[in-house]
Each structure stands twice: as structure tokens, then as C-alpha cells.
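Numbering (this note's numbering), first residue to last: 1116 to 1397. Have a look at the structure below, then the notes.
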């Protein structure tokens, strides 16, 4: 499959596929949109659950929502029975919110066949499809995948700082315009308002339509309007940021859908940059 997205129809047809590993990557703390709240647990049948704010987060790091260590990742992914030939499909209970974060973690750690369910659980429910009330605890057989982080896909503050004036590297911030312009307070104490110098603002809500991503042609137009110099063919490096590295992955995935290939995540995002007095703020 060439697209990083799968449809609900495709998933329905492949629920019995022996290579499918279906994962609910929902998180409890939803920022930047009105959260969808459920009165009872609901999961697509056969789903595992992963904890992006715990098991797949380096809680020993100083930053919020830090990428997991390779050891953490390997232990969790083996628990799910994931093999190199597995088809991993991720979704969340907001439509498109935290699943792209999980998608990028798995991609950055070396897995190739990783996809996001476009529309997630809300679209699945809206279409009247079957749900379960509990997830699968562990796979019957542990997997053999070993995570190896590709550091070109996950950037740190040092990299961003060193490329602030580099015309070949552009940081794109997924926070709201009000937060980007320091017109609204940051949700985390001790974090300054504003944005990374020379960064561009693309609120993550602008790449979505309802529960789903906008069509690829519309996404391409969105990025072209953001900065005409950002062309998929010119090798420009796009680094994505947000509040703490979650919603940045939404616009990162949107960029891939629009045809861009030189993509990376600034994992510390504004929670790190805005907390450090040594880092310049615009």
C-alpha cells in the first residue's frame, strides 16, 4: 500500500488478515480541540492498546511526551506480537489526533508497514460498525522486532537551533495561531508564549475535515499557500513542532499525504523550547 492511510472499508475487509495488528493509540489528554467523550469503553474488534504517555514515552526524560527508548519500544512492540511482515494499523478515539504520533514512533523505530485509520473510531462508529468493550491484553506469541531509532526522523533543540537561519530547513508549528502569536496562554506552567524564530504556523485542525484528513490535493494546496518555496521535489527539510510532540505528527502525516518526503519531528516541541531561557523566542 502506497498511502500511509487506510479506510474503514479496507479495515473491515481485513479484520481477519493474519498479518494485521490493530492498535488503539488514544490518549486521555486532548489539547487544541473539543474532545470526544465516551460513556463506555469502545474499541474496534481485535484491538490492542498502547500507552503513548506511559509505555511508549521515556518518562525518565526531562521533556514531556519524550520518544521512547529503543529498549522500551522493543519490549512493547514484541508484546503486541509485531513481526517485520505485520500490517500495523493505528487509530484513536478522536478521529485523527494521537494515532499519527504512534505511527511516527513506529516508523522512526524502523517499521515499514505502518498505517493510520482515516477517521478512527468516530468514523467507524458513525458507519454503524461493530465494537468491543475491551482490548486484547497480549499477543498469543511475542514478536521479534527490535527497534532502532532513525535520528534523522526525530530532531532535538540543538538541531533546530543550529538550523534557524538555514533556508533549506523550515519548522512548521501545529499549535493554534493564538498560541503561536502569544495571544493565548500556554497550557503548561513556566512555558513562554510565542514561537521558534522563522517557523511557520499550520494549526493541525486546518488539515482535517470532520474526523478525517482532507484530500491530498487540498493538503498540497495548503502547504503551497503556507510557503510557495516549500516544494515536494526540492529536497527542503520540514521539521514539525507543536506543544509537546503529539499534534505535530498530524501535520507531518498531512505533509506526507501531500507528497513531501524530507520530514522530521522536533520531539521536545514548544514545551521544551518555550521553557528554556537560552532559546530565542519570536
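Note that beta-carbon positions come from the ideal geometry of N, C-alpha and C, so glycine has one too. If you're wondering where the values come from, they're calculated on a predicted model, not measured in any experiment.
*Which full runs of the alpha helix (DSSP H) of 4+ residues lie inside the segment 1154-1214, going along the chain?*
1185-1194
_Residues of its chain near residue 1260, where Cβ-Cβ distance is below 6 Å and the 5 sequence neighbours each way are ignored_ = By 1-based counting over the chain shown, the position of residue 1260 is 145. The answer, listed in chain order, is 1192, 1197.
*asked:* Please classify residue 1217 as buried or exposed, where buried requires at least 16 other C-beta atoms within 10 Å of its C-beta.
replied: Start at 1 with the first residue of the chain shown, and residue 1217 comes out as number 102. Buried: at least 16 other Cβ atoms inside 10 Å.
_Check whether residue 1386 and residue 1359 have beta carbons under 7 Å apart_ = Against the chain shown, residue 1386 aligns to sequence position 271. Against the chain shown, residue 1359 aligns to sequence position 244. Cβ atoms of residue 1386 and residue 1359: closer than 7 Å.
_CB of residue 1199 within 7 Å of CB of residue 1326, strictly_ = Along the chain shown, read from residue 1 onward, the residue named residue 1199 stands at position 84. Along the chain shown, read from residue 1 onward, the residue named residue 1326 stands at position 211. In this structure, residue 1326 does not lie closer than 7 Å to residue 1199 by Cβ.
*Near residue 1366, which residues of its chain fall below 7 Å by C-beta distance, leaving aside the five closest residues on each side in sequence?*
Working through the chain shown from its first residue, we reach residue 1366 at position 251. Cβ within range, chain order: 1287, 1289, 1317, 1319, 1322, 1355.
*When the distance is taken between beta carbons, is residue 1183 closer than 7 Å to residue 1195?*
Taking the first residue of the chain shown as 1, we reach residue 1195 at position 80. Taking the first residue of the chain shown as 1, we reach residue 1183 at position 68. Not in contact: residue 1195 and residue 1183 (Cβ atoms no closer than 7 Å).
*Distance between residue 1126 and residue 1233 (C-alpha atoms, nearest Å)*: The residue labelled residue 1233 in the question sits at position 118 within the chain shown. The residue labelled residue 1126 in the question sits at position 11 within the chain shown. Residue 1233 and residue 1126: Cα-Cα distance of roughly 10 Å.
*With DSSP run on the structure shown, which of helix, strand or coil describes residue 1296?*
For the purposes of this step, residue 1296 is identified with residue 181 of the chain shown, where counting begins at 1. Of the three classes helix, strand and coil, the one that applies to residue 1296 here is coil, per DSSP.
*Range of the contiguous beta strand (DSSP E) that encloses residue 1135*: As a first step, residue 1135 must be located in the chain shown, where it is residue number 20. Looking at the DSSP string, the run of the beta strand (DSSP E) that includes residue 1135 is 1135-1139.
*What does DSSP give as the partner residues of residue 1402 in its beta bridges?*
Because the chain spans 1116 through 1397 in this model, residue 1402 falls outside it and cannot be assessed.
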